[in-house]
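In my numbering, the protein residues as written are 133 to 225. Ideal placement from N, C-alpha and C gives every residue a C-beta, glycine not left out. To keep things clear, I will list the structure first and then write my remarks on it.
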């Protein structure tokens with residue numbers, strides 16, 4: 133069994149309040165959970181309105197399945213948010 137942990141640090145330049153940031157992150161969370169069946173949490177920068185660090189967890193019997201899911205998630209996030217990924221990290225346990 134492989135547990136994968138993906139962290140993404142995201143910059144949201146067009147977010148002008150915490151409310152806008154939460155709206156963006158909630159939309160992202162709902163879409164990723166529904167499409168990829170992953171656990172999602174905001175890990176850092178909760179009080180910063182233009183920055184966020186999110187964590188996603190997936191598990192499977194095969195490491196390559198988890199790798200594929202995370203690479204698809206990264207592409208999905210890059211295409212669908214008004215911002216950019218500043219840093220990404222994948223860990224396996």
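*Quick one: grab the DSSP three-state call for residue 170.*
coil
*So, is residue 142 buried or exposed, given that buried needs 16 or more other C-beta atoms within 10 angstroms?*
buried
*Where do the N-terminal and C-terminal ends of the beta strand (DSSP E) with residue 206 fall, by residue?*
Where residue 206 is concerned, there is no enclosing beta strand (DSSP E), although the alpha helix (DSSP H) it sits in stretches over 195-212.
*Is the CB-CB distance between residue 184 and residue 136 below 7 Å?*
Contact: no.
*In angstroms with no decimal places, state the Cα-to-Cα distance between residue 155 and residue 188.*
Straight-line spacing of the CA atoms in residue 155 and residue 188 works out to 18 Å.
_Check whether residue 217 and residue 138 have beta carbons under 7 Å apart_ = no
_8 Å contact criterion, which residue 181 and residue 153 should meet: CB distance rounded_ = 5 Å
*Rounded separation between residue 178 and residue 197 - CA only*: 30 Å
*What residue range is occupied by the uninterrupted beta strand (DSSP E) comprising residue 219?*
216-224
*asked:* Using a 10 Å radius around the Cβ and a threshold of 16 neighbouring Cβ atoms, would you call residue 144 buried or exposed?
replied: buried
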